[in-house]
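Following: one structure in structure tokens, then a few remarks.
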Amino acid sequence: MSGVGIIVLAGVIVNNNILLIDAFYANISNTNDKKDAIIKASISRLRPILLTVITGIVGLLPMVFRISFDFVNQRVIYNSPSSQLWCELSYTISIGLLLATVITLFFTPALLVLGKCNRISKSDRMVCY
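Sequential numbering of the sequence shown, starting at 1, is according to the UniProt record's numbering.
Given below as structure tokens:
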């Protein structure tokens with residue numbers, strides 16, 4: 001089940017990085033300073049990224065601690081067979097979300113700083129690669 005968790009994490013990491021890079025390109029078209037555009041993009045995407053991570057981890061905590069809720073009989077079950085099945089998946093996603101947050105908020109902007117930006121004279125906009 002942890003392999004499925006890795007596939008889920010790949011989607012979350014790609015989605016967060018696409019949104020961060022898109023915000024960077026929107027900011028770089030308005031300003032000439034690449035570092036300022038990266039800082040503005042990171043600040044604007046900080047809250048959505050952190051909210052996604054926090055809700056994901058908090059939602060998975062019962063499965064990480066192998067807690068099941070029986071809503072019909074209104075009781076809490078520890079170490080049930082169904083919770084043991086999903087424990088690996090929830091643990092993989094929880095730890096991966098923490099690492100993905102570090103990658104998205106620190107490594108992606110650092111790699112964007114290393115990229116090269118040129119101004120196109122006809123359209124007067126910045127193009128980075």
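Virtual Cβ for every residue (Gly too), placed ideally from N, Cα, C.
| Item | Value |
| --- | --- |
| Quick check: the Cα distance between residue 6 and residue 77, rounded to an integer number of angstroms? | 27 Å |
| What residue from 98, 113, 1, 115 has the CA that sits closest to residue 51's CA? | 98 |
| Quick one: what's got a C-beta closer than 7 Å to residue 44's C-beta in the same chain, skipping five residues either side? | 23 |
| Whether or not the region 98-116 and the region 58-68 are in contact is what I'm after, with contact meaning three or more pairs of Cβ atoms, one per stretch, closer than 8 Å; do they touch? | no |
| I need the straight-line Cα distance from residue 16 to residue 30, nearest angstrom please. | 22 Å |
| One question on the structure: do residue 93 and residue 60 come within less than 8 Å of each other, judged by their Cβ atoms? | yes |
| As a quick exercise: from 100, 4, 38, pick the residue whose alpha carbon is nearest that of residue 14. | 100 |
| Take residue 86 and list the residues in its own chain whose beta-carbon comes closer than 8 Å to its own, dropping the five residues that flank it on each side. | 1, 63 |
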